[in-house]
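Chemist:
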Amino acid sequence: MLRLHPFRYHRPETVDEAVALLAGFGEEAMPMAGGTDLMPNMKHRLFTPAHVVSLNRIAAMRGVALGPSGQHLRIGALETLADVSANPLVRRYFPGLADAAGLVAGPQLRNMGTIGGNVCLDTRCTYYNQTEFWRGALGYCLKKDGTVCHVTKVGKKCVAAHSADTPPNLIALGATLALAGPGGAREIPAAEFFLTDGIWNTRRARDEILTEIRIPVGGPGRRSAYRKLRQRHSIDFPLLSVAVTGDFEENGVVERIGGVVSALGARPRVVAGWDEIAVGGRLGGRVIDALADRAYAQCRPLENIIVDAEWRRAMVRVHVRRALAELAGRAPSAGNGSAAGP
Amino acid sequence: MEVVRLRVNGDERVCGVPTHYTLLETLRYGLGLTGSKQGCDKGDCGACTVIVDGRAVLSCITPVWEAEGREVRTVEGLATAAGLHPVQDEFDLNGAAQCGFCTPGILCSSVALLDRNPSPTRGEIRAALAGNLCRCTGYEKIYDAVEAAAERLGDR
Numbered sequence: 001m002l003r004l005h006p007f008r009y010h011r012p013e014t015v016d017e018a019v020a021l022l023a024g025f026g027e028e029a030m031p032m033a034g035g036t037d038l039m040p041n042m043k044h045r046l047f048t049p050a051h052v053v054s055l056n057r058i059a060a061m062r063g064v065a066l067g068p069s070g071q072h073l074r075i076g077a078l079e080t081l082a083d084v085s086a087n088p089l090v091r092r093y094f095p096g097l098a099d100a101a102g103l104v105a106g107p108q109l110r111n112m113g114t115i116g117g118n119v120c121l122d123t124r125c126t127y128y129n130q131t132e133f134w135r136g137a138l139g140y141c142l143k144k145d146g147t148v149c150h151v152t153k154v155g156k157k158c159v160a161a162h163s164a165d166t167p168p169n170l171i172a173l174g175a176t177l178a179l180a181g182p183g184g185a186r187e188i189p190a191a192e193f194f195l196t197d198g199i200w201n202t203r204r205a206r207d208e209i210l211t212e213i214r215i216p217v218g219g220p221g222r223r224s225a226y227r228k229l230r231q232r233h234s235i236d237f238p239l240l241s242v243a244v245t246g247d248f249e250e251n252g253v254v255e256r257i258g259g260v261v262s263a264l265g266a267r268p269r270v271v272a273g274w275d276e277i278a279v280g281g282r283l284g285g286r287v288i289d290a291l292a293d294r295a296y297a298q299c300r301p302l303e304n305i306i307v308d309a310e311w312r313r314a315m316v317r318v319h320v321r322r323a324l325a326e327l328a329g330r331a332p333s334a335g336n337g338s339a340a341g342p
Numbered sequence: 343m344e345v346v347r348l349r350v351n352g353d354e355r356v357c358g359v360p361t362h363y364t365l366l367e368t369l370r371y372g373l374g375l376t377g378s379k380q381g382c383d384k385g386d387c388g389a390c391t392v393i394v395d396g397r398a399v400l401s402c403i404t405p406v407w408e409a410e411g412r413e414v415r416t417v418e419g420l421a422t423a424a425g426l427h428p429v430q431d432e433f434d435l436n437g438a439a440q441c442g443f444c445t446p447g448i449l450c451s452s453v454a455l456l457d458r459n460p461s462p463t464r465g466e467i468r469a470a471l472a473g474n475l476c477r478c479t480g481y482e483k484i485y486d487a488v489e490a491a492a493e494r495l496g497d498r
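Just so you know, the sequences run in chain order U and G. Numbering of the first sequence is given in my numbering, commencing with residue 1 and proceeding in unit increments. Numbering of the second sequence is given in my numbering, commencing with residue 343 and proceeding in unit increments.
#1: Would you say the segment 395-408 of chain G touches the segment 354-373 of chain G, given that touching needs at least three Cβ pairs under 8 Å?
#2: Please give the ranges of any alpha helix (DSSP H) in the segment 18-86 of chain U, keeping only runs that are unbroken, at least 4 residues long and fully inside the region.
#3: Would you say Asn111(U) reaches chain G, if we count a Cβ-Cβ gap shorter than 8 Å as a contact?
#4: Counting only Cβ pairs nearer than 7 Å, list the residues of chain U close to Lys384(G).
#5: What residues in its chain sit with their C-beta under 7 Å from that of Gly337(U), if we drop five residues either side in the sequence?
#6: Closer than 8 Å, CB to CB, is Gly377(G) near chain U or not?
#7: For the putative contact between Ala470(G) and Pro238(U), defined by C-beta atoms under 8 Å, what is the C-beta separation to the nearest angstrom?
#8: For Asp395(G), which of helix, strand or coil comes out of DSSP?
#9: What are the start and end residues of each continuous beta strand (DSSP E) run of 3 or more residues lying completely inside the segment 110-191 of chain U, in chain order?
#10: I need the straight-line Cα distance from Leu324(U) to Val394(G), nearest angstrom please.
#11: Please check if any C-beta of chain G sits within less than 8 Å of the C-beta of Ile235(U).
#12: Indicate whether Arg222(U) and Thr202(U) have their beta-carbon atoms separated by less than 8 Å.
#13: Once you ignore the five residues that flank Gln440(G) on each side, which residues in its own chain have a CB closer than 7 Å to its CB?
#14: Tell me whether the beta-carbon of Thr123(U) lies closer than 8 Å to the beta-carbon of Ala266(U).
#15: Exposed or buried, what is Asp145(U) when buried is set at 16 or more other beta-carbons lying within 10 Å of its beta-carbon?
#16: Got a sec: is the Cβ-Cβ distance from Thr355(U) to anything in chain G below 8 Å?
#17: Excluding the 5 residues preceding and the 5 following Arg412(G) in the sequence, name in chain order all residues of the same chain whose CB lies nearer than 6 Å to its CB.
#18: Could you name the residues of the same chain whose beta carbon sits closer than 6 Å to that of Ala65(U), not counting the 5 residues immediately before and after it, in chain order?
#19: At what residue ranges does the segment 407-482 of chain G contain a whole run of the alpha helix (DSSP H), taking only runs of 4 or more?
#20: With a cut-off of 8 Å, does the C-beta of Val356(G) fall near any C-beta of chain U?
#21: Whole angstroms is fine: what's the gap from Leu283(U)'s alpha carbon to Val253(U)'s?
#22: If we define contact as Cβ-Cβ less than 8 Å, is Asn56(U) a contact residue for chain G?
#23: Would you check if the distance between the CB atom of Ile235(U) and the CB atom of Asp386(G) is smaller than 8 Å?
#24: Identify the continuous alpha helix (DSSP H) that holds Leu89(U) and give its terminal residues.
#25: Compare the C-beta of Pro372(U) against all C-beta atoms of chain G and say whether one is closer than 8 Å.
#26: Could you say which of Leu369(G), Asp431(G), Gly372(G) lies nearest to Thr445(G) if we only look at CA atoms?
#27: In three-state terms, what does DSSP make of Thr211(U)?
#28: Once the 5 residues before and after Ala339(U) are set aside, which same chain residues still bring their CB inside 7 Å of it?
#29: Determine the contact status of Ile215(U) and Leu177(U), defining contact as a CB-CB distance below 8 Å.
#30: May I have the straight-line CA-CA distance separating Gly341(U) from Tyr296(U), to the nearest angstrom?
#31: Sorted by chain position, which residues of the same chain lie with C-beta nearer than 8 Å to Tyr485(G)'s C-beta, five sequence neighbours on each side aside?
#32: With a Cβ-Cβ cutoff of 8 Å, do Val354(U) and Leu240(U) count as a contact?
#33: Using a Cβ-Cβ cut-off of 8 Å, state whether Gly473(G) counts as contacting chain U.
#34: Apply the 10 Å Cβ neighbour rule to Gly358(G) and answer buried if 16 or more other Cβ atoms are within range, or exposed otherwise.
#35: Could you work out which residues of chain U lie near Ala398(G), taking near to mean beta carbons separated by less than 8 Å?
#36: Since Glu489(G) meets chain U, which of its residues come closer than 9 Å, beta carbon to beta carbon?
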């Protein structure tokens with residue numbers, strides 16, 4: 001049995017109410033959406049807030065709809081991962097994101113967990129996601145209650161891994177995140193949201209709430225794909241994740257291509273230098289190999305998950321290749337101006 | 343302690359609970375419904391699966407307050423006065439349970455699936471049960487049982 005610590009539970013019905021509660025209680029409060037990450041973490045005493053502010057009654061944070069001009073898709077942060085993965089608009093415009101949402105954890109967790117919670121997921125590490133007894137037996141770690149990183153042994157920087165499936169796709173797709181806090185509302189590109197500090201790896205202040213996600217629909221030639229490496233095909237967090245997106249001309253020539261590799265360190269890694277390899281040509285065998293080599297050269301996983309780091313690194317090449325092969329074979333996402341129609 | 347009002351298996355239930363209780367703790371220790379099992383107790387194993395508003399969820403990581411105003415169904419609510427739910431009966435007939443600890447959760451995941459999708463493919467059954475771990479035996483007899491139950495429900 002893993003008991004929770006005593007806390008008060010609040011159920012505001014508007015974003016303003018939730019923000020006021022969080023601001024009022026300060027560091028003693030935490031927001032909670034689906035709770036699939038926070039509840040186990042509280043059971044492990046990684047967080048012990050005196051007040052939990054549930055966001056689940058805030059109707060304004062639900063819904064999936066195209067923006068007024070049809071240029072963006074708005075996804076309410078409280079949409080469950082099951083609903084996001086099955087949503088016809090998400091499937092049509094962003095198949096990579098739909099696949100990623102459908103690959104998070106297992107079915108029950110996708111029925112509970114939200115896309116907003118997934119974006120704000122705490123980083124993970126073998127030495128962190130353990131019971132208090134386990135962590136205490138090892139003298140705790142740099143991320144929580146201790147001073148030593150058991151992964152790097154000497155480092156003063158936490159290397160716990162960003163382990164969420166949807167953000168690499170949101171970054172690759174150029175999404176924008178909307179936050180609400182005591183200072184008002186603000187927007188931040190998904191690409192700038194994450195930091196390299198494993199202790200707190202986002203720009204979200206602790207009293208801010210992620211309210212919605214906006215993703216540009218792009219042109220008719222936009223495609224996306226996602227690959228995830230894990231030990232089991234269900235329940236597990238990724239050991240490695242690869243999100244790719246590209247704009248293609250009608251004849252298959254690449255106009256723009258982007259890749260994000262994650263679950264290795266605290267921040268999803270945007271692969272540098274892909275455009276110069278692939279733009280202007282078709283996405284085929286040699287080009288895909290060159291792109292995979294480029295990604296491999298930029299990724300150096302540590303043993304923040306107890307899986308051989310060299311094997312995980314070798315898998316970068318394999319999974320980037322597979323993601324790109326899927327992208328090459330994928331039909332255009334039927335974005336704006338497509339003859340396919342709705 | 344605070345009073346929580348739940349609708350469980352069609353009954354209105356009122357119960358005093360500590361404010362940090364989970365739905366699972368309330369079911370087991372507040373209402374005496376011990377069919378839902380406390381396995382890993384942190385959202386990995388699926389033994390605590392119940393059906394809330396038609397969807398399979400994990401009661402061990404659901405704060406009890408999130409279940410207020412919603413329809414909760416547990417393994418105790420699957421059978422009726424007329425007899426076992428066809429999924430329960432087919433689990434029995436197909437030998438789909440061994441020690442039985444994972445069974446209540448798997449039954450709930452299966453019923454939630456069949457209520458949404460009355461004639462699932464084998465692959466859809468596997469996907470729907472991918473969040474329920476059985477450590478005794480394989481899953482084949484479990485899939486067989488759900489398939490057989492779907493056929494029986496379809497024949498009605």
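We treat Cβ as the ideally placed atom computed from N, Cα and C, and that holds for glycine.
Modeler: Concretely, from the data shown:
#1: yes
#2: 38-43, 81-86
#3: yes
#4: Leu2, Pro40, Lys43
#5: Unreliable positioning characterises Gly337(U) in this predicted model, as indicated by a pLDDT of 46, which lies under 50. The coordinate reading is nonetheless provided below. The answer, listed in chain order, is Gly219, Pro220.
#6: no
#7: Incorrect: roughly 22 Å between the Cβ atoms, too far for contact.
#8: coil
#9: 176-181, 184-189
#10: 39 Å
#11: yes
#12: no
#13: Cys478, Thr479
#14: yes
#15: exposed
#16: Summary: the structure shown does not reach residue 355(U), with chain U confined to residues 1 through 342, and so no result is reported for it.
#17: Val394, Asp395
#18: Arg74
#19: 428-435, 445-458, 464-470
#20: no
#21: 7 Å
#22: yes
#23: yes
#24: 88-93
#25: As shown, chain U starts at 1 and ends at 342. That puts residue 372(U) outside it, with no answer to give.
#26: Asp431(G)
#27: strand
#28: For Ala339(U), the predicted structure reports a pLDDT of 38, less than 50, and the residue's modelled location is therefore unreliable. A value from the coordinates is still provided. Result list for Ala339(U): empty, nothing under 7 Å.
#29: no
#30: Model confidence at Gly341(U) stands at a pLDDT of 35, short of 50, so the residue's coordinates are unreliable and nothing is read from them.
#31: Arg464, Ile467, Arg468, Leu471
#32: Any question about residue 354(U) goes unanswered here, given that chain U covers just 1 to 342.
#33: yes
#34: exposed
#35: Pro107, Gln108, Asn111
#36: In chain order: nothing, as chain U lies at least about 18 Å away.
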